[in-house]
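Asks:
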Amino acid sequence: MRDNSGQLLSHLYNYLLSVSLREPQILTQLRQETAQHPVSSMQISPYQGQFMALLLRLMGAKKVLEIGTFTGYSALWMALALPSDGTLTACDVSEEYTEIARRYWQAAGVADKINLHLAHAIETLNHLIFTGQSGTFDFVFIDADKSNYIHYYEKSLELLRPGGLIAIDNVLWSGAVADPDIIDPDTQALRDLNQTLHQDERIELSMLPIADGLTLAMKRL
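Taking our numbering, I'd label the letters of the sequence shown as residues 463 to 683.
Following this line, the structure appears as structure tokens:
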């Protein structure tokens, strides 16, 4: 059951969390602090974070790439799911946002697993490719500026190993992608990406109605 905006009805959402969510206290604290931020809507939902952590454990992932880190909530979910020798490369442009992230990563004891790059993500992705890391990442999470999603996807696919997984956030964009009267650049960029992925024979594909829409694209073997 969803309301007119497509969101889970609050009582059903609260029930879902009550019988499913196992959020460590440090993550709860980070989520609650971020909720006070003026752009708190950029943070993923707790059940999405838990779902991605489960995916990493199922895959036995050790090397993760995140494009768009904000205050570090999604990165912390994933870093906690990685083994002791796992690594997460985080890409963001904001010193302000990621200062919060680093504080919580340190408190959670996972700071040594996370390599934060403060630069435009395309620069970081090109550097990773240039330094011979193509085909070495197990999992990529894309949640940054929508206009560059298609570029992030292509670079990520190159960096991903065969059988690895890309997760792309906000692909339903509060339903705007299905409304032909909405033609702003971000919405159109997401439409174009969704159509491109649907036709891309290099991947196995599933778009899930989780939170604001989460696409999973597995690089074919």
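The C-beta atom is built at its ideal place from N, Cα and C for all residues, glycine as well.
Keep in mind it's a predicted model, so treat the numbers as computed, not measured.
Using C-beta distances below 7 Å, list every residue in its chain close to residue 647, excluding the 5 sequence neighbours before and after it, in chain order.
Replies: Here residue 647 refers to the residue found at position 185 of the sequence shown. Within the same chain, residue 647 has close Cβ partners 609.
Asks: Would residue 611 pass as a contact of residue 651 if the rule is Cβ separation under 8 Å?
Replies: Counting from 1 along the sequence shown, the entry for residue 611 is found at position 149. Counting from 1 along the sequence shown, the entry for residue 651 is found at position 189. Yes.
Asks: Near residue 588, what residues of its chain come up, given a Cβ to Cβ distance below 8 Å and the 5 sequence neighbours on each side ignored?
Replies: The count along the sequence shown starts at 1 and reaches residue 588 at position 126. Around residue 588: 617.
Asks: Beta-carbon within less than 8 Å of residue 557's beta-carbon, same chain only, minus the 5 sequence neighbours each way: which residues are those?
Replies: As a first step, residue 557 is located in the sequence shown; it is residue number 95 there, counting from the start. For residue 557, where only same-chain residues beyond five positions count, the Cβ hits under 8 Å are 580.
Asks: Return helix, strand or coil for residue 533, following the three-state DSSP convention.
Replies: By 1-based counting over the sequence shown, the position of residue 533 is 71. Coil, per DSSP.
Asks: Is residue 481 helix, strand or coil by DSSP?
Replies: Looking up residue 481 in the sequence shown gives position 19. Three-state result, residue 481: helix.
Asks: Can you tell me whether residue 471 is buried or exposed? The criterion is at least 16 other CB atoms within 10 Å of its CB, across all chains shown.
Replies: Within the sequence shown, numbered from 1, the residue matching residue 471 stands at position 9. Flag for residue 471 reads exposed.
Asks: Which residue marks the beginning of the beta strand (DSSP E) containing residue 666, and which one marks its end?
Replies: Position 204 of the sequence shown, counted from the first residue, corresponds to residue 666. Counting along the chain, the beta strand (DSSP E) containing residue 666 begins and ends at 665–670.
Asks: Do the CB positions of residue 575 and residue 626 come within less than 8 Å of each other?
Replies: Translated into positions along the sequence shown, residue 575 becomes position 113. Translated into positions along the sequence shown, residue 626 becomes position 164. Against a cut-off of 8 Å, the Cβ pair of residue 626 and residue 575 comes out as no contact.
Asks: From the DSSP output, read off the bridge partner residues of residue 528.
Replies: Numbered from its first residue, the sequence shown carries residue 528 at position 66. Answer is 552 and 603, bridged to residue 528.
Asks: Pair every Cβ in the stretch 664–677 with every Cβ in the stretch 631–639, then say whether three or more of these pairs are closer than 8 Å.
Replies: Judged by Cβ distances under 8 Å, the stretch 664–677 makes contact with the stretch 631–639, as three or more pairs qualify.
Asks: Count the CB pairs spanning the stretch 515–523 and the stretch 483–491 that are closer than 8 Å, and state whether there are at least three.
Replies: Because the criterion of three Cβ pairs below 8 Å is not met, the stretch 515–523 and the stretch 483–491 do not touch.
Asks: Where DSSP assigns a beta bridge to residue 681, which residues make up the other side?
Replies: Working through the sequence shown from its first residue, we reach residue 681 at position 219. BP columns for residue 681 point to 665.
Asks: Could you check if residue 503 belongs to the surroundings of the ligand SAH, using beta carbon to heavy atom distance under 7 Å?
Replies: The ligand SAH is not part of the structure shown, which contains no ligands of any sort.
Asks: Does the structure place the stretch 495–504 close enough to the stretch 532–541 that three or more beta carbon pairs sit under 8 Å?
Replies: They touch, by the three-pair rule.
Asks: Using a Cβ-Cβ cutoff of less than 6 Å, which residues in the same chain neighbour residue 485 once the five nearest sequence positions on both sides are dropped?
Replies: For the purposes of this step, residue 485 is taken as the residue at position 23 of the sequence shown. Excluding positions up to five away in sequence, the list reads 508.
Asks: Mapping DSSP to helix, strand and coil, what is residue 577?
Replies: Within the sequence shown, residue 577 is the residue found at index 115, counting from 1. Residue 577 falls in the strand class under three-state DSSP.
Asks: Would residue 526 and residue 600 qualify as a contact pair, given that the criterion is a beta-carbon distance under 8 Å?
Replies: One-based indexing of the sequence shown puts residue 526 at position 64. One-based indexing of the sequence shown puts residue 600 at position 138. In contact: residue 526 and residue 600 (Cβ atoms closer than 8 Å).
Asks: Leaving aside the five residues before and after residue 479 along the sequence, list all residues of the same chain whose C-beta is less than 8 Å from its C-beta, in chain order.
Replies: Residue mapping note: residue 479 aligns to position 17 of the sequence shown, counting from 1. Answer for residue 479: 508 and 509, listed in chain order.
Asks: How would you label residue 602, buried or exposed, when you count the other beta carbons within 10 angstroms and need 16 or more for buried?
Replies: Within the sequence shown, the letter at position 140 stands for residue 602. Buried is the call here.
Asks: Going straight from the alpha carbon of residue 566 to that of residue 577, what length do you get?
Replies: Counted from its first residue, the sequence shown places residue 566 at position 104. Counted from its first residue, the sequence shown places residue 577 at position 115. Roughly 14 Å separates the two Cα atoms.
Asks: Could you tell me if residue 554 is buried or exposed, where buried requires 16 or more neighbouring beta carbons within 10 angstroms of its beta carbon?
Replies: Here residue 554 refers to the residue found at position 92 when the sequence shown is read from its first residue. Answer is buried; the Cβ neighbour count reaches 16.
Asks: According to DSSP, is residue 511 part of a helix, a strand, or is it coil?
Replies: Residue mapping note: residue 511 aligns to position 49 of the sequence shown, counting from 1. Residue state, collapsed to three classes: helix.
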